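Working notes, beginning with the structure itself.
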Amino acid sequence: MQHHPTVELASERGVDYVPLQNLLVQQDFLAADKLTLQLLCMLAGPLSANRGWLYFTDVERLPNADLRTINALWLAHSEGKFGFSVQRELWLSVGKNWEKFWPKIGWKQNNRWTRYPQEFIWNTTAPKGHLPLSNQLRGVQVLAALMAHPAWLNN
203 MQHHPTVELA SERGVDYVPL QNLLVQQDFL AADKLTLQLL CMLAGPLSAN
253 RGWLYFTDVE RLPNADLRTI NALWLAHSEG KFGFSVQREL WLSVGKNWEK
303 FWPKIGWKQN NRWTRYPQEF IWNTTAPKGH LPLSNQLRGV QVLAALMAHP
353 AWLNN
């Protein structure tokens, strides 16, 4: 029997993170990525939930505890390779340079964006920081807002 790390499923909004945990335990990273986006939209409020994606201005409404829980689940079930904190660490390591960051996490190669979903790697052979995708709309603003979120400042 495989041992899975215990993650406290804290939520400031009463969200049940067991379904996400189960997908990550099963290593179903594609389904977990889709559920992560749904959860982020739900946490950001009804407008985001209805639209199914985040504006960068939605990110500030994401509760610290919930972002940390989602991140901890990704970290725990990916051998430490995936999660927003991993992406943030890599982004900081390249001096917040997006053009260096995208290839490092496998989202862009040879000046060409990786195509969703078929060209992404949905297992732990992916580059560090490859997942979660956080937003299907490629652009810097949502990810930059996530990287600057107060949830990471005291960790």
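Quick note on the numbering used here: the sequence shown kicks off at 203 and runs consecutively.
Even for Gly, the Cβ is constructed at its ideal location relative to N, Cα and C.
Since we're looking at a predicted model, the values are computed, not measured.
Going by beta carbons, THR316 and TRP309 fall inside the 8 Å limit.
LYS302 counts as exposed, since fewer than 16 other C-beta atoms from the protein chains shown sit within 10 angstroms of its C-beta. Per DSSP, reduced to three states, the secondary structure at TRP293 is helical. Bridge partners of ARG314 according to DSSP: GLN311. Straight-line spacing of the CA atoms in ALA233 and VAL217 works out to 18 Å. In this structure, VAL288 keeps its C-beta atom at 8 Å or more from the C-beta atom of LYS236.
Exclusion of the five residues before and after THR326 leaves SER280, GLU281, LYS283 as the residues of its chain whose Cβ lies within less than 7 Å of its Cβ. By the criterion of a C-beta distance shorter than 7 Å, SER250 is surrounded in its chain by CYS243, LEU256, ASP260, once the five residues flanking it on both sides are discounted. If you look at PRO221, you'll find it in the alpha helix (DSSP H) that goes 220-227.
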